[in-house]
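Residue numbers (the UniProt record's numbering): 1 to 272. The block underneath contains the structure these notes are about, expressed in structure tokens.
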Amino acid sequence: MTKNDTPVSGPTWTGLVPVEDTALAVTDTGGPGVPVVYLNGQFATQGYWRRVIADLGPGWRHLTYDERARGRSKRSADYSFAAAVRDVDAVLAAREVDRALVVGWSYGAVVAAHWAHRNPERAIGAVLVDGAFPYDWLDEAMEQRIRKLFRRLNLFLPLLRPTGLAPRMSAAQQAESNIELGRLSRVDQLGPVLDAITVPTRYVVASGVSFGSHGDEQERIRTSLDAVTAGNPNIAVSAKVASNHGALLKKDYRAVTAAVREVAGLDRTGRG
């Protein structure tokens, strides 16, 4: 055990995992159950998954972590999407997990889709929670809207960071991360990734708006799933819930746990 490790009751391990120029705060409940790794929203922390984990219970091996500069993880010089995908491998390697079921919400859903696509032999399956919709929502006007939004938020970020409610990233870095996500979500970028997924994948879809969206913008983006499910028999929508994007993990977490159980039951190798 290193000086950064914090022992807790039972088999659970929590500590900092060194990765490149940073260190990620990781929690691993341990045990022989199916390993499930949870991938957070763009600026969220691992605490968002507590209701999902409690509902699934101790029969699973739950792995959560804070992304770079979020929660208790350290800052980095690299907040790119590619780094986020590499961090999944780094956490699994550090905890000696060969195969896992990936569950991602929002930004984490896109990370989960890319990881499952790249690692068909290591992915038990994927649950994508109101994210990973192939849709061309980013244009020049939207880029300017995003930059303006985060410039405004910059006034409040210093007050929120000590509470853990905001990442230790500048407003410009957060804006660039959001813009990169928009580029990666375009039909010609995300569509081929989803089309090529060969493991059981289920979506849990929210209703209504998310932070920063206008009118029926978010619902129009969600309609892109029709083409995804029609084109890939491994992918289906498990549930569309009443909660909006931000409240889903709080109010409709049972839909997420149902999807996790469904995907685990469809594991084609039976080695989960």
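Just so it is clear, CB atoms sit at the ideal spot from N, CA and C, and this is done for glycine as well. Predicted model, so just to flag it, every value in this text is computed and none were measured.
**OP:** Taking L101 and G125 to be in contact with their CB atoms under 8 Å, please state how far apart those CB atoms are, rounded to whole angstroms.
**Re:** 5 Å
Original post:
Where do the ends of the alpha helix (DSSP H) carrying L248 lie?
Top reply: L248 to K251
**OP:** With DSSP as the reference, label D136 as helix, strand or coil.
**Re:** coil
Original post:
Among residues of its own chain, excluding the 5 on either side of T22, which ones have a beta-carbon nearer than 6 Å to its beta-carbon?
Top reply: R68, K74 and S76
**OP:** Just the C-alpha distance for H117 and I197, rounded to the nearest angstrom, thanks.
**Re:** 5 Å
Subject >> Start-end ranges of the alpha helix (DSSP H) lying completely within the stretch 13–79, minimum 4 residues >> reply: 50–56
**OP:** Measure the beta-carbon distance from W115 to S185 and round it to whole angstroms, keeping in mind my assumption that it falls under 8 Å.
**Re:** Their Cβ separation, rounded to whole angstroms, is 16 Å, which puts W115 and S185 out of contact at 8 Å.
**OP:** Quick one: using the 10 Å Cβ neighbour count with 16 as the cut-off for buried, is D188 buried or exposed?
**Re:** exposed
Subject >> CA nearest to the CA of D195, picked from P233, A166, E176 and Q174 >> reply: P233
Original post:
I think A264 touches A239, with their Cβ atoms under 8 Å apart; what is that distance to the nearest whole Å?
Top reply: Actually they do not touch by this definition, with Cβ atoms about 16 Å apart.
Original post:
First and last residue of the alpha helix (DSSP H) that includes L266?
Top reply: Neither: L266 is in no alpha helix (DSSP H) and is coded neither H nor E.
Original post:
According to the neighbour-count rule (16 or more other Cβ atoms, all chains shown, within 10 Å of its Cβ), is T27 buried or exposed?
Top reply: buried
Original post:
Do the stretch 102–113 and the stretch 30–46 meet, that is, are 3 or more Cβ pairs less than 8 Å apart?
Top reply: yes
Subject >> Residue span of the alpha helix (DSSP H) that contains V127, given as start and end >> reply: Element bounds for V127: not the alpha helix (DSSP H) but the beta strand (DSSP E), A123 to V129.
Subject >> Whole beta strand (DSSP E) elements within the stretch 191–237, 3-residue minimum >> reply: 201–205
Original post:
Expressed to the nearest angstrom, what Euclidean distance is found between the alpha-carbon atoms of E262 and L155?
Top reply: 44 Å
Subject >> Residue range of the unbroken alpha helix (DSSP H) whose run includes V85 >> reply: F81 to A94
**OP:** Give the DSSP-derived three-state secondary structure of V97 in the structure shown.
**Re:** coil
Original post:
In this structure, does DSSP put A242 in helix, strand or coil?
Top reply: coil
**OP:** Whole angstroms is fine: what's the gap from D139's alpha carbon to V19's?
**Re:** 33 Å
Subject >> Y79 vs L24 beta-carbon contact at 8 Å >> reply: no
**OP:** Rounded to whole angstroms, what's the CA-CA distance from L266 to P200? Just pull it up for me.
**Re:** 6 Å
**OP:** For the alpha helix (DSSP H) containing L181, list its first residue and its last residue.
**Re:** A171 to L184
Original post:
With C-beta atoms as the reference, is W13 less than 8 Å away from G31?
Top reply: no
Original post:
Rounded to whole angstroms, how far is the Cβ of R86 from the Cβ of P167, which I believe are closer than 8 Å?
Top reply: Incorrect: roughly 18 Å between the Cβ atoms, too far for contact.
Original post:
Shortest alpha-carbon distance to M142 belongs to which of P58, E217 and L153?
Top reply: E217
Original post:
Nearest-angstrom Cα distance between residue 284 and R222?
Top reply: Because the chain here runs from 1 to 272, residue 284 falls outside it and cannot be looked at.
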